[in-house]
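Notes follow the structure.
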Amino acid sequence: MPRILLIDDDEHLAAPLTTYFARFGCTLDSAKRPSEGIAKLRAGHYDAAILDVMLPEMDGFELCREIRKESDIPIVMLTARGEVMDRVVGLELGADDYVPKPFEPRELVARVQTILRRQRSAPAAAAASAQLRVFDGLSIDLDRRQVLRHGERVELTGTEFDLLALLAGEPGKVFSRDDILNRLRGHEAELFTRAVDIVVSRLRKKLEPLDCIKTLRNAGYALAVAPGEPSS
Numbered sequence: 005m006p007r008i009l010l011i012d013d014d015e016h017l018a019a020p021l022t023t024y025f026a027r028f029g030c031t032l033d034s035a036k037r038p039s040e041g042i043a044k045l046r047a048g049h050y051d052a053a054i055l056d057v058m059l060p061e062m063d064g065f066e067l068c069r070e071i072r073k074e075s076d077i078p079i080v081m082l083t084a085r086g087e088v089m090d091r092v093v094g095l096e097l098g099a100d101d102y103v104p105k106p107f108e109p110r111e112l113v114a115r116v117q118t119i120l121r122r123q124r125s126a127p128a129a130a131a132a133s134a135q136l137r138v139f140d141g142l143s144i145d146l147d148r149r150q151v152l153r154h155g156e157r158v159e160l161t162g163t164e165f166d167l168l169a170l171l172a173g174e175p176g177k178v179f180s181r182d183d184i185l186n187r188l189r190g191h192e193a194e195l196f197t198r199a200v201d202i203v204v205s206r207l208r209k210k211l212e213p214l215d216c217i218k219t220l221r222n223a224g225y226a227l228a229v230a231p232g233e234p235s236s
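To convert, note that position 7 of the sequence shown is 11 in the numbering used here; the numbers rise steadily by one, no gaps.
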């Protein structure tokens, strides 16, 4: 049963969401303060986290930044206004998805289920194809969901890894933004093409000094790197 952590100081939100998530086979724990939430994440295993933007102690963006220093757990942000800038900031900091308030509980469950489904399907997809993709200076282990750059491990979020694995599956092929959204986020998530640019930008920074993700204007993105020997 997947375990989800909700970090939100709204006293009237946790109880009904806990009941609702249970209907779909998920355990939802909650924390009202960021410090409590971080402590729970460190103490126990969670499959995903849901963060409100408006929180005491620190806002959800800062909390997302702190969590990303230690974990690549999938993160869904709850934005009070649903403004594009809130979404962009959250995605730039490493969030995997966003849901604007007010929201229907079923939508939140669907977003979390989409992320968890993608995480679970990765090992099966790896088993059906080569488990290790090796390029010049870059190794991608699809089974362990690990990336090595010149022999050093690169910590990626789930979305970042899935994007890199998608591009590495067909090196040189150009994937449009819509192609990437449909392949990685599913049809339940709202199309938000700016999100693809943000994830690509984050991924490029983490892979530096490798310059292996190419942009083709008005077309999309492709992995452009030569085959190589496994990093050690």
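We put the beta carbon where it would ideally sit given N, CA and C, even for glycine. Since we're looking at a predicted model, the values are computed, not measured.
Residue of the options minimising C-alpha distance to residue i
i      : options                        : result
Val57  : Leu211, Ile184, Glu159, Pro38  : Pro38
Ala228 : Arg181, Gly173, Asp183         : Gly173
Asn222 : Val80, Arg187, Asp182          : Asp182
Leu17  : Leu146, Leu82, Leu167          : Leu82
Val93  : Asp201, Tyr225, Arg153, Asp140 : Asp201
His49  : Ala84, Pro78, Arg7             : Arg7
Lys209 : Lys177, Leu160, Gly224         : Leu160
Met89  : Glu111, Asp145, Phe65          : Phe65
Proximity below 9 Å, CB of residue i to CB of residue j
i      : j      : result
Leu10  : Leu32  : yes
Tyr24  : Pro109 : yes
Leu95  : Ala199 : yes
Thr163 : Val113 : no
Leu167 : Val158 : no
Arg46  : Glu74  : yes
Leu175 : Gln123 : Here residue 175 is Pro; the residue named in the question, Leu, does not match the sequence. Cβ distance not < 9 Å, so Pro175 and Gln123 don't count as in contact.
Asp51  : Phe165 : no
8 Å CB neighbourhood of residue i in its chain, flanking five on each side removed
i      : result
His191 : The predicted position of His191 is uncertain, since its pLDDT is 35 and thus under 50; a value taken from the coordinates is nonetheless stated next. Counting only Cβ-Cβ distances below 8 Å, and skipping sequence neighbours, we find nothing.
Met62  : Pro38, Glu70
Met5   : Gly29, Cys30, Thr31
Ala193 : Because Ala193 sits at a pLDDT of 43, beneath the cut-off of 50, its placement in the model cannot be relied upon, and the following sentence gives the value as read from the coordinates. Same-chain partners within the cutoff: Asp101, Arg115, Thr118, Leu185.
Ser205 : Glu96
Asp140 : Val229, Ala230, Pro231, Gly232
Leu170 : Phe179, Ile184, Arg187, Leu188
Gly224 : Val178, Phe179, Ser180, Arg181, Asp183, Ile184
Burial state of residue i (16 or more Cβ within 10 Å)
i      : result
Ala99  : buried
Arg148 : exposed
Ala132 : Per-residue confidence for Ala132 stands at a pLDDT of 46, beneath the threshold of 50, marking its modelled position as unreliable; the derived number appears in the next sentence. With fewer than 16 other Cβ atoms within 10 Å, it is exposed.
Arg121 : exposed
Ala230 : exposed
Phe179 : buried
Ser143 : buried
Ala53  : buried
Asp215 : exposed
Ala19  : exposed
Leu195 : With a pLDDT of 42 at Leu195, under the threshold of 50, the predicted position of this residue should be treated as unreliable, though the coordinate-derived value follows. Exposed: under 16 other Cβ atoms inside 10 Å.
Leu136 : exposed
Gly155 : exposed
Sequence-distant residues of the same chain with beta carbon closer than 6 Å to residue i, five excluded per side
i      : result
Asp12  : Asp56
Pro106 : none
Ala35  : Ile11, Gly41, Lys44
Ala129 : Confidence is the limiting factor: at Ala129 the pLDDT is only 49, short of 50, which leaves the residue's position unreliable, though a coordinate-based value still follows. Cβ within range, chain order: n/a, list empty.
Leu220 : Val178
Glu15  : none
Own chain residues within Cβ distance below 7 Å of residue i, not counting five before or after
i     : result
Tyr60 : Sequence inspection shows Pro at residue 60; the Tyr mentioned does not correspond to that position. Answer for Pro60: Asp13, Arg37, listed in chain order.
Leu21 : Leu10, Leu32, Pro109
Proximity test, Cβ basis, 9 Å: residue i and chain B
i      : result
Val103 : Within the model displayed, chain B is absent; a lone protein chain is all it includes.
Counting only runs that start and end within the region 107-166, where is the alpha helix (DSSP H) found for 4 or more residues in a row?
-> Fully enclosed alpha helix (DSSP H) runs of 4 or longer: 109-131.
Would you list, in sequence order, the uninterrupted beta strand (DSSP E) runs of no fewer than 3 residues that lie entirely inside the region 10-41?
-> The region 10-41 is shown to contain whole beta strand (DSSP E) runs of 3 or more residues at 31-35, in chain order.
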